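Colleague: A single structure is presented below for examination.
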Amino acid sequence: MTQAHPVPPKKEFYSLLVYHLKDKGQEARLDTYCQQALIPFLHKQGFGKIGVFKPVTNDTTLYILIPSTNLEKLLKWPENALKDAAYLQNGKDYVETAWDQPVYSRMETIVLEAFPEMPQLSAPELKGPDTARIYELRSYEGSTERLYQNKVEMFNKGNEVGIFKRLGFNAVFYASVLSGSKMPNLMYMTSFESRAEREAHWKAFGADAEWKKLIGDTYYAHNVSHQDIILCHATPYSEY
């Protein structure tokens, strides 16, 4: 009798919305929109848990992470939202705001494809106080497409993802950017109980024998030309 093989999880795509804000008023209005209109609409459309994050060091940016196994659906939801009566009613301040009273200064949409080694988003297993938790969003750029793909290979075939997992980095996602303003680049998010725990984890990572061997492999040399590191807190209404 043929032994059944487990079906691998279906690969996810992500939309990372980045809102740039000018003041507390815009921040409050955007929070209200997310809670009362956007997240309920996305759930009604069948999307999973939605993550909402703000940088620790400033209150002028908000990140919204939306996962889906259906790329077309992920790209179409803004268009579909404008046809939904409940969304239009609950998000009236956002949708119908006057031209000189915008809810945000600028908005970006980054489209990502999950890495093979972590094909689906994972809600982190954190137990400490919500206000102490740190979500670390990183972007690694490559100076050429070839070197960027080399870094993606390093994460997957090179087992950089596996090292993070073994050392307990509680990753939320690892993904290639399909469309964004800093390409070619990859992005990933890890999570920690506190800032002190984050520092301890990165110290352990830097000292890890497998990592030292991997980073010393000349095959993977010069594959990151620039990195952005953003430490965030989840909003009270974020779903992870």
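Note that numbering that gives the first Met the number 0 has the sequence shown beginning at 0, numbered continuously upward.
All C-beta atoms in this analysis are idealised placements derived from N, C-alpha and C, irrespective of residue type, glycine included.
Quantities reported herein were computed from a predicted structural model and do not represent experimental measurements.
(1) Beta-carbon separation of Y13 and P66 under 8 Å?
(2) CB-CB under 6 Å to K21, same chain, minus the five flanking residues each way: which ones, in chain order?
(3) Alpha carbon to alpha carbon, what distance is there between F154 and Y18?
(4) Hey, E135 and T189: beta-carbon distance below 8 Å or not?
(5) For G50, which three-state DSSP category applies?
(6) Where do the N-terminal and C-terminal ends of the alpha helix (DSSP H) with V94 fall, by residue?
(7) Just list the beta strand (DSSP E) runs in the stretch 86 to 168, keeping only unbroken ones of 3 residues or longer that don't cross its boundaries, in chain order.
(8) Assign E144 to one of two classes, buried (16 or more other C-beta atoms within 10 Å of its C-beta) or exposed (fewer than that).
(9) Kindly indicate the opening and closing residues of the alpha helix (DSSP H) around H42.
(10) Can you give me the Cβ contacts of L146 inside the same chain, cut-off strictly under 7 Å, excluding the 5 residues immediately before and after it?
(11) Over what stretch of residues does the alpha helix (DSSP H) that includes A220 continue unbroken?
(12) Out of A195, A199, Q148, which has the shortest C-alpha to C-alpha gap to Y218?
(13) Do F52 and A233 have their CB atoms nearer than 8 Å?
(14) Any C-beta of chain D sitting closer than 8 Å to the C-beta of Q88?
(15) Tell me where the beta strand (DSSP E) around T31 begins and ends.
(16) CB-CB under 8 Å to Q226, same chain, minus the five flanking residues each way: which ones, in chain order?
(17) Report the three-state DSSP secondary structure of E81 (helix, strand or coil).
(18) Alpha carbon to alpha carbon, how far is G167 from M117? Give it in angstroms, no decimals.
(19) With 16 other CB atoms within 10 Å as the buried threshold, where does R197 fall?
(20) My assumption, with CB atoms under 8 Å, is that L64 sits in contact with I49. Please give the rounded CB distance.
(21) Do you know offhand how far T68's Cα is from E11's?
(22) Would you grab the beta carbon distance between E192 and R132 for me? Rounded to a whole angstrom, and I think it's under 8 Å.
(23) For E159, which residues from the same chain have a beta carbon less than 6 Å from its beta carbon, with the 5 sequence-adjacent residues on both sides left out?
(24) Suppose you measure from the CA of M186 to the CA of A174; what does that come to, to the nearest Å?
Modeller: On the basis of the data shown:
(1) Translated into positions along the sequence shown, residue 13 becomes position 14. Translated into positions along the sequence shown, residue 66 becomes position 67. Cβ distance < 8 Å, so Y13 and P66 count as in contact.
(2) The sequence position of residue 21 within the sequence shown is 22, counting from 1. Only S104 meet the Cβ criterion.
(3) On the sequence shown, residue 18 is found 19 positions in, with the first residue counted as 1. On the sequence shown, residue 154 is found 155 positions in, with the first residue counted as 1. Whole-angstrom Cα-Cα distance: 28 Å.
(4) On the sequence shown, residue 135 is found 136 positions in, with the first residue counted as 1. On the sequence shown, residue 189 is found 190 positions in, with the first residue counted as 1. Closer than 8 Å, so yes.
(5) Indexing the sequence shown from 1 puts residue 50 at position 51. Reduced to three states, the DSSP call for G50 is strand.
(6) Reading the sequence shown from its first residue, position 95 is the one you call residue 94. Here the alpha helix (DSSP H) through V94 covers 91 to 94.
(7) 105 to 113, 133 to 140
(8) For the purposes of this step, residue 144 is identified with residue 145 of the sequence shown, where counting begins at 1. With fewer than 16 Cβ atoms within 10 Å of its Cβ, E144 is classed as exposed.
(9) For this step, residue 42 is matched to residue 43 along the sequence shown. Note, H42: alpha helix (DSSP H), 38 to 43.
(10) Position 147 of the sequence shown, counted from the first residue, corresponds to residue 146. Closer than 7 Å at Cβ, skipping near neighbours: H221, N222.
(11) As a working note, residue 220 is residue 221 in the sequence shown. Run containing A220: none; DSSP gives neither H nor E here.
(12) Working through the sequence shown from its first residue, we reach residue 218 at position 219. Among A195, A199, Q148, the Cα nearest to that of Y218 belongs to Q148.
(13) As a first step, residue 52 is located in the sequence shown; it is residue number 53 there, counting from the start. As a first step, residue 233 is located in the sequence shown; it is residue number 234 there, counting from the start. Going by C-beta atoms, F52 is nearer than 8 Å to A233.
(14) Reference to chain D is not applicable here, since this structure consists of a single protein chain.
(15) Numbered from 1 along the sequence shown, position 32 holds the residue referred to as residue 31. Per DSSP, T31 belongs to no beta strand (DSSP E); it is in the alpha helix (DSSP H), 23 to 32.
(16) Taking the first residue of the sequence shown as 1, we reach residue 226 at position 227. So the list reads R137, S138, Y139, E140, once near-sequence residues are dropped.
(17) Indexing the sequence shown from 1 puts residue 81 at position 82. In the sequence on display, residue 81 carries Leu and not Glu. Looking at L81 - three-state DSSP - the assignment turns out to be coil, as it is neither helix nor strand.
(18) Along the sequence shown, one-based indexing puts residue 117 at 118. Along the sequence shown, one-based indexing puts residue 167 at 168. Spanning the two alpha carbons is a distance of roughly 14 Å.
(19) By one-based count along the sequence shown, residue 197 stands at place 198. Counting Cβ neighbours within 10 Å, R197 comes out buried, since at least 16 surround it.
(20) Counting from 1 along the sequence shown, the entry for residue 64 is found at position 65. Counting from 1 along the sequence shown, the entry for residue 49 is found at position 50. About 7 Å; that satisfies the 8 Å criterion.
(21) Reading the sequence shown from its first residue, position 69 is the one you call residue 68. Reading the sequence shown from its first residue, position 12 is the one you call residue 11. Between T68 and E11, the C-alpha separation is close to 4 Å.
(22) Here residue 192 refers to the residue found at position 193 when the sequence shown is read from its first residue. Here residue 132 refers to the residue found at position 133 when the sequence shown is read from its first residue. That belief holds up - the Cβ atoms of E192 and R132 are roughly 6 Å apart, short of 8 Å.
(23) The sequence position of residue 159 within the sequence shown is 160, counting from 1. Closer than 6 Å at the Cβ level, and outside the excluded window around E159, lie M153.
(24) For the purposes of this step, residue 186 is identified with residue 187 of the sequence shown, where counting begins at 1. For the purposes of this step, residue 174 is identified with residue 175 of the sequence shown, where counting begins at 1. Computed Cα separation, rounded: 6 Å.
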